[in-house]
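In what follows, a single structure is set out as structure tokens and then discussed.
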Amino acid sequence: MYKVLVSACLMGRKVRYDGGAKTSEHPVLERWRAERRLVPHCPEIAGGLPVPRPPAEIAGAAGAEAVLDGAAAIVTPEGADVTDHFVAGARAALETAWSQGVRLAVLKDGSPSCGSRAVYDGSFSGAKVPGQGVTSYLLSDSGIPVFTEDELDAAEAFLKDLEAREPEVPFL
Ligand code: SF4
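Just so you know, we're using the working numbering here: the sequence shown kicks off at -3 and counts up by one.
Following this line, the structure appears as structure tokens:
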């Protein structure tokens, strides 16, 4: 059975920077949970950051690719450079996906790790720009499509289509 990587905060785990969760009770997630498809993961925790922690944004809205290339940083409002934690968390998410048979991901939008449609612009003003977080970018660049928590119906359609096209070979 194909697995789905999911942001741990969407599953009710209190791993966000402010110590909270962003629990989703969407029926698709409930169904996948019952089917034991879900692989909850928090890249920022996997990258060694604590709960709670300062918020962080991609400096200058430079983009996730620039961060992964070492050409841009992820910083806190006080200017601390936390890039290494975010990059380590992204790599850990990809390793987890590969090791668990994950074929798609549902990640919390807006995060400098998990965002896939928009991220904050680096000004800590609440403004967003189109773009991806570093984990989302690394997964999608590695062939694992990423959907937001608002795209679960599309994610389910993608999974059904995938399983129709590529049914898993039973273990003999
Ligand atoms: Fe949720 Fe992702 Fe932020 Fe972790 S890094 S708290 S999983 S949005």
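Just so it is clear, CB atoms sit at the ideal spot from N, CA and C, and this is done for glycine as well.
Note that the coordinates shown come from a computational prediction; the quantities given were computed from them, not determined experimentally.
In this model, P23 and F154 are separated by some 16 Å (Cα to Cα). DSSP, reduced to helix, strand and coil, places V0 within a strand of the structure shown.
In the three-state reduction of the DSSP assignment, F154 falls in the helix class. With respect to the 8 Å criterion, G111 and S132 are classified as neighbours on the basis of their beta carbons.
Proximity of the segment 33 to 41 to the segment -2 to 7 meets the contact definition, three or more beta-carbon pairs being nearer than 8 Å.
Looking at the DSSP output, V11 shares a beta bridge with no other residue. Distance from the C-beta of R12 to the nearest heavy atom of ligand 1 is below 7 Å. Here the alpha carbons of V102 and R12 stand approximately 16 Å from one another. Between V83 and V63, the C-beta spacing is below 8 Å. The beta carbon of P51 sits no closer than 7 Å to any heavy atom of ligand 1.
Annotated three-state conformation of G122 is coil, per DSSP.
Here S3 is buried, its C-beta having at least 16 other C-beta atoms within 10 Å.
For the pair K18 and V47, the CB atoms are not nearer than the 8 Å cut-off. In the structure shown, the three-state DSSP call for V63 is helix.
Burial state of A123 is exposed, judged by a 10 Å Cβ sphere holding fewer than 16 other Cβ atoms. Straight through space, the alpha carbons of L90 and H37 are spaced by roughly 10 Å.
Going by DSSP, R29 is part of the alpha helix (DSSP H) stretching over P23 to A30.
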